[in-house]
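S.K.: Protein chains in written order, with the numbering used here: chain A, 1 to 406; chain D, 407 to 812. Each residue gets a CB set at the ideal place from its N, CA and C atoms; glycine is no exception. Structure provided below as structure tokens; questions to follow.
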């Protein structure tokens with residue numbers, strides 16, 4: 001066990017952490033909304049591009065739709081804010097019945113907590129002493145902040161920092177599913193949970209286990225089969241923890257691809273859905289329980305607005321949205337209303353559309369909406385989303401945790 | 407010719423443009439530097455990660471090195487700020503002798519002009535009326551702003567907007583090289599240049615022609631051969647323009663991959679080098695005039711600082727820097743000091759390193775520096791670069807044009 005993290009060290013590191021906590025994202029939000037207030041009421045087609053558009057009716061649909069298959073199952077929704085990085089959307093998710101939200105990183109958690117989101121479960125681990133100290137400062141200020149841990153040394157470091165901060169910190173153990181984060185299932189996971197439970201300044205709240213690999217498996221039944229198969233050692237570990245008398249109030253995991261199948265996992269408490277609010281081509285292609293060819297439980301609410309800047313060559317259009325305002329993720333984006341268009345964002349500043357047939361002819365200056373291949377990294381490029389209703393800008397949604405990868 | 411853009415329309419659109427111009431990036435810069443001032447003097451290894459580190463000695467080397475092969479050729483350097491999006495670095499480039507800078511987008515140009523960079527050539531075209539109106543407002547305020555045009559309708563729109571703004575706007579014609587932007591070579595280009603030259607509120611300054619395809623051709627001689635071959639129709643067009651009596655004071659193009667060969671193109675005036683300030687794996691791999699296997703004219707000054715968060719499996723490390731703080735561009739990143747490491751940033755939040763051998767063993771919490779595959783999109787994810795000298799933070803460099811893709 002580490003004894004290196006004493007009060008003296010904590011005070012040094014928390015002083016450093018404190019400096020960057022002085023930064024308030026609220027000021028930034030006010031600047032963004034003030035600057036763009038003149039855009040309210042405009043047609044979306046008048047907006048300067050590239051811009052990120054969010055259809056609010058479709059968003060509203062998605063916020064409700066996610067709970068439908070879960071009704072009566074006892075499984076809740078704990079949306080992952082890494083997708084939208086926007087406290088305003090997190091608030092809508094909480095208002096729609098979420099048990100809390102997940103965040104991937106500490107800086108992202110901080111933005112949510114500072115902007116009125118009371119319950120944040122951070123799914124990533126903090127492993128450096130300054131970051132752990134900062135996490136404990138955050139926990140001191142916001143009791144609804146839950147941290148993950150995935151190795152014994154880290155548990156001890158969290159204990160020392162919590163003690164130094166004079167708090168009892170809420171902790172979940174992250175269970176390894178895809179060899180990325182987490183403690184291996186079985187004995188190591190059980191031992192770690194018992195260690196956390198025993199440490200006086202940590203409060204063991206349960207486990208999380210995220211299977212990133214299954215989310216995009218095509219076909220509902222294939223996905224369900226794999227989700228259960230991959231989760232077998234996690235469930236066995238859960239059962240051992242429960243049998244040993246540990247508090248298993250949280251057993252969190254799953255995602256948009258498995259949101260309607262995780263309630264069949266014993267002990268499972270809540271799904272960490274992220275992309276369901278926006279949808280993207282990757283998820284649309286996996287198929288759902290009701291429609292095997294298109295996953296249409298949720299509507300594609302998010303698009304990139306782009307402008308055609310060059311049409312010199314037949315069957316080819318050049319736009320103003322390349323990888324800096326789109327993403328290199330595959331498949332290519334879907335151009336709304338033009339199913340034959342193939343959108344290539346491989347260039348930094350320009351998009352290139354190639355097609356065999358189009359529903360209309362396009363001239364320079366015309367605008368298009370494109371559904372993105374993978375929503376999370378695209379949102380992370382923009383300062384705001386334009387909230388659109390009936391094709392008009394209704395509100396500005398600042399993406400306050402944009403770039404918060406720390 | 408368009409007659410739709412009259413004064414009434416211009417006044418409407420410039421009122422809208424004015425609203426977003428009120429936003430000052432200076433305030434944002436002050437906030438960023440104030441917030442991070444406590445980091446000055448720290449060891450780079452103490453910084454929270456992911457973070458973008460810029461080695462200032464290497465940067466200084468690059469700022470000077472770019473001019474060495476150009477000495478006595480008459481060809482100048484017009485660095486492209488799309489790479490760094492940082493007025494402080496643009497200023498260093500100007501201080502090092504640049505004839506001006508290039509910017510890709512209008513919002514990027516605005517940030518540079520507003521932050522003291524006097525001469526900005528915007529290489530992209532503005533094609534919507536509000537954007538053209540805003541561009542003319544910018545030109546009215548900053549006489550060193552030069553705009554590109556690549557079709558006759560656009561030239562007429564620029565004319566109308568310049569007239570409405572009461573100015574004579576400086577314009578270059580963008581010549582098509584890679585079927586992306588620009589007017590086709592030969593007659594269309596000549597006719598467009600003559601049109602611009604004739605329009606009373608536009609001042610024809612010359613041409614630009616960017617060959618994006620040749621920049622990453624491996625091997626100096628192969629690259630040079632292709633650069634000349636591809637440029638043949640551009641040069642022929644240039645000669646026709648010159649013979650027709652047009653003002654050819656600007657013939658701009660090239661990039662980091664061709665910076666030391668473009669002076670052999672007749673009439674060529676300046677190279678639009680971007681990546682040379684930072685370098686990246688894509689450019690390091692192309693080989694240079696002096697070293698066929700490594701393009702070492704410039705030093706790799708830019709790295710992503712990342713922290714190891716999981717080491718549960720042999721020959722595998724998981725870090726805190728995935729695609730949201732790195733890039734999906736290929737090849738994979740190069741881990742400084744560990745030539746055998748393969749860095750995979752395919753996951754949004756996590757990087758994964760696989761290796762057969764390493765020079766030391768790594769524990770959770772250890773930090774690594776990674777040279778990125780392609781620098782431009784990575785810089786566009788961060789708010790600041792940490793300027794490092796002798797491994798210590800010397801200054802904070804705000805990336806004020808981050809996200810300025812409009």
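#1: On a CA-only basis, which of D/476, D/449, D/616 is nearest residue 530 of chain D? Give me that one, please.
#2: Where residue 804 of chain D and residue 750 of chain D are concerned, what is the direct C-alpha to C-alpha distance, given to the nearest angstrom?
#3: By DSSP's criteria, residue 826 of chain D is part of a beta bridge. Which residues make up the other side?
#4: Under the assumption that residue 92 of chain A contacts residue 106 of chain A (Cβ atoms under 8 Å), give the Cβ distance between them as a whole number of angstroms.
#5: Measure how close the beta-carbons of residue 332 of chain A and residue 320 of chain A come, nearest whole angstrom, since I'm counting them as under 8 Å.
#6: Under 8 Å Cβ to Cβ from residue 809 of chain D, same chain only, skipping five residues before and after it: list those, please.
#7: Return the residue from the list A/401, A/406, A/389 that minimises the CA-CA distance to residue 57 of chain A.
#8: In the DSSP output, which residue or residues are listed as bridge partners for residue 147 of chain A?
#9: Pull out every residue of the stretch 106 to 134 of chain A whose Cβ sits closer than 7 Å to any Cβ of chain D, in chain order.
#10: Under 7 Å, do residue 578 of chain D and residue 612 of chain D count as touching if we go by C-beta distance?
#11: Compute the Euclidean distance between the alpha carbons of residue 6 of chain A and residue 266 of chain A, then round it to the nearest angstrom.
#12: Nearest by alpha-carbon distance to residue 322 of chain A: which of D/700, D/762, D/681, D/812 is it?
#13: Less than 7 Å between the beta carbons of residue 80 of chain A and residue 102 of chain A, yes or no?
#14: Go ahead and pull the three-state DSSP assignment for residue 538 of chain D.
#15: What are the residues of the stretch 698 to 719 of chain D that lie near chain A, defined by any Cβ-Cβ distance shorter than 7 Å?
#16: Using alpha carbons as the reference points, say which of A/73, A/114, A/48 lies closest to residue 90 of chain A.
#17: Under a Cβ-count criterion, where at least 16 other Cβ atoms within 10 Å of its own Cβ denotes burial, should residue 334 of chain A be classed as buried or exposed?
#18: Using the three-state DSSP reduction, which class does residue 257 of chain A fall into: helix, strand or coil?
#19: Helix, strand or coil for residue 40 of chain A, going by three-state DSSP, please let me know.
#20: Using the beta-carbon count (16 or more within 10 Å), is residue 793 of chain D buried or exposed?
#21: For a test of the three-state rule: what should DSSP assign to residue 591 of chain D, helix, strand or coil?
#22: Could you tell me the alpha carbon to alpha carbon distance between residue 778 of chain D and residue 458 of chain D, rounded to whole angstroms?
#23: Taking only beta-carbon positions, decide if residue 180 of chain A is within less than 7 Å of chain D.
#24: Measure the alpha-carbon distance for residue 447 of chain D versus residue 453 of chain D and round it to whole angstroms.
#25: Straight-line CA distance for residue 472 of chain D to residue 644 of chain D?
#26: What are the boundary residues of the beta strand (DSSP E) that includes residue 367 of chain A?
#27: Between the C-alpha atoms of residue 302 of chain A and residue 655 of chain D, what's the straight-line distance to the nearest angstrom?
#28: Compare the C-beta of residue 721 of chain D against all C-beta atoms of chain A and say whether one is closer than 7 Å.
#29: Just to make sure I have the definition right: I need the residues of chain C whose C-beta is within less than 8 Å of the C-beta of residue 150 of chain A. Which are they?
#30: Indicate whether residue 677 of chain D and residue 660 of chain D have their beta-carbon atoms separated by less than 7 Å.
#31: Classify residue 652 of chain D: buried if its beta carbon has 16 or more other beta carbons within 10 angstroms, exposed otherwise.
#32: The stretch 348 to 365 of chain A: which residues have C-beta closer than 9 Å to a C-beta of chain D, in chain order?
#33: Can you have a look at residue 754 of chain D and say buried or exposed, based on whether 16 or more other CB atoms are within 10 angstroms of its CB?
#34: What's the gap between the Cα of residue 70 of chain A and the Cα of residue 257 of chain A?
#35: 7 Å is my cut-off, CB to CB: does residue 427 of chain D come that close to chain A?
#36: Using a C-beta cutoff of 7 Å, does residue 325 of chain A count as contacting chain D?
M.R.: Taking the definition as stated:
#1: As a position in the second chain, residue 530 of chain D is number 124, starting the count at 1. The shortest Cα separation from residue 530 of chain D among D/476, D/449, D/616 belongs to D/616.
#2: As a first step, residue 804 of chain D is located in the second chain; it is residue number 398 there, counting from the start. As a first step, residue 750 of chain D is located in the second chain; it is residue number 344 there, counting from the start. The straight-line gap from Cα to Cα measures roughly 27 Å.
#3: Lying before the first or after the last residue shown, residue 826 of chain D is absent from chain D, which here runs from 407 to 812.
#4: Within the first chain, numbered from 1, the residue matching residue 92 of chain A stands at position 92. Within the first chain, numbered from 1, the residue matching residue 106 of chain A stands at position 106. Not really, about 23 Å apart at Cβ, beyond 8 Å.
#5: Residue 332 of chain A sits at position 332 when you count from the first residue of the first chain. Residue 320 of chain A sits at position 320 when you count from the first residue of the first chain. Between residue 320 of chain A and residue 332 of chain A the Cβ distance is about 17 Å, and since that is not below 8 Å, they are no contact.
#6: The residue given as residue 809 of chain D occupies position 403 in the second chain. Correct list, in chain order: 786.
#7: Taking the first chain and counting its residues from 1, one reaches residue 57 of chain A at position 57. Comparing Cα positions, the closest option is A/389.
#8: For the purposes of this step, residue 147 of chain A is taken as the residue at position 147 of the first chain. Looking at the DSSP assignment, residue 147 of chain A forms a beta bridge with A/171.
#9: 124, 125, 127, 128, 130, 131
#10: One-based indexing of the second chain puts residue 578 of chain D at position 172. One-based indexing of the second chain puts residue 612 of chain D at position 206. Contact flag set, yes.
#11: What you label residue 6 of chain A is simply residue 6 of the first chain in a count that begins at 1. What you label residue 266 of chain A is simply residue 266 of the first chain in a count that begins at 1. Unreliable positioning characterises residue 6 of chain A in this predicted model, as indicated by a pLDDT of 45, which lies under 50. The coordinate reading is nonetheless provided below. Between residue 6 of chain A and residue 266 of chain A, the C-alpha separation is close to 40 Å.
#12: Counted from its first residue, the first chain places residue 322 of chain A at position 322. The residue with the shortest Cα to Cα distance from residue 322 of chain A is D/812.
#13: Position 80 of the first chain, counted from the start, is the residue given in the question as residue 80 of chain A. Position 102 of the first chain, counted from the start, is the residue given in the question as residue 102 of chain A. Yes, Cβ-Cβ distance for residue 80 of chain A and residue 102 of chain A is below 7 Å.
#14: For this step, residue 538 of chain D is matched to residue 132 along the second chain. Three-state DSSP puts residue 538 of chain D in a helix.
#15: 713, 715, 716, 718, 719
#16: Numbered from its first residue, the first chain carries residue 90 of chain A at position 90. Nearest of A/73, A/114, A/48 to residue 90 of chain A, Cα basis: A/114.
#17: Taking the first residue of the first chain as position 1, residue 334 of chain A is located at position 334. Buried is the call here.
#18: In the first chain, counting from the first residue as 1, residue 257 of chain A sits at position 257. In the structure shown, residue 257 of chain A sits in a helix (DSSP, three-state: H, G or I).
#19: Here residue 40 of chain A refers to the residue found at position 40 of the first chain. In this structure, residue 40 of chain A counts as coil in the three-state DSSP scheme.
#20: Residue mapping note: residue 793 of chain D aligns to position 387 of the second chain, counting from 1. Counting Cβ neighbours within 10 Å, residue 793 of chain D comes out buried, since at least 16 surround it.
#21: Numbered from its first residue, the second chain carries residue 591 of chain D at position 185. It is coil, neither helix nor strand.
#22: For the purposes of this step, residue 778 of chain D is taken as residue 372 along the second chain, with counting starting at 1. For the purposes of this step, residue 458 of chain D is taken as residue 52 along the second chain, with counting starting at 1. So the two alpha carbons sit approximately 10 Å from each other.
#23: To locate residue 180 of chain A, count along the first chain from 1; it is residue 180. Answer yes: the Cβ-Cβ gap between residue 180 of chain A and chain D drops below 7 Å somewhere.
#24: Indexing the second chain from 1 puts residue 447 of chain D at position 41. Indexing the second chain from 1 puts residue 453 of chain D at position 47. About 11 Å.
#25: As a first step, residue 472 of chain D must be located in the second chain, where it is residue number 66. As a first step, residue 644 of chain D must be located in the second chain, where it is residue number 238. Answer to the nearest angstrom: the Cα atoms are 25 Å apart.
#26: Counting from 1 along the first chain, the entry for residue 367 of chain A is found at position 367. Note, residue 367 of chain A: beta strand (DSSP E), 367 to 371.
#27: The residue you call residue 302 of chain A lines up with position 302 of the first chain. The residue you call residue 655 of chain D lines up with position 249 of the second chain. Straight-line Cα distance between these residues: approximately 45 Å.
#28: Within the second chain, numbered from 1, the residue matching residue 721 of chain D stands at position 315. False, the Cβ-Cβ gap to chain A never drops below 7 Å.
#29: You won't find chain C in this structure, because its protein chains are A and D.
#30: As a working note, residue 677 of chain D is residue 271 in the second chain. As a working note, residue 660 of chain D is residue 254 in the second chain. Yes, they are a contact pair.
#31: Position 246 of the second chain, counted from the first residue, corresponds to residue 652 of chain D. Classification of residue 652 of chain D: buried, given that the 10 Å Cβ count is 16 or more.
#32: 348, 349, 350, 352, 363, 364, 365
#33: In the second chain, the residue the question calls residue 754 of chain D occupies position 348. With 16 or more other Cβ atoms within 10 Å, it is buried.
#34: Looking up residue 70 of chain A in the first chain gives position 70. Looking up residue 257 of chain A in the first chain gives position 257. Going by the C-alpha atoms only, they are around 14 Å apart.
#35: For the purposes of this step, residue 427 of chain D is taken as residue 21 along the second chain, with counting starting at 1. At residue 427 of chain D the pLDDT is 37, less than 50, meaning the model places this residue with poor confidence and gives no usable figure here.
#36: Looking up residue 325 of chain A in the first chain gives position 325. Yes, contact with chain D.
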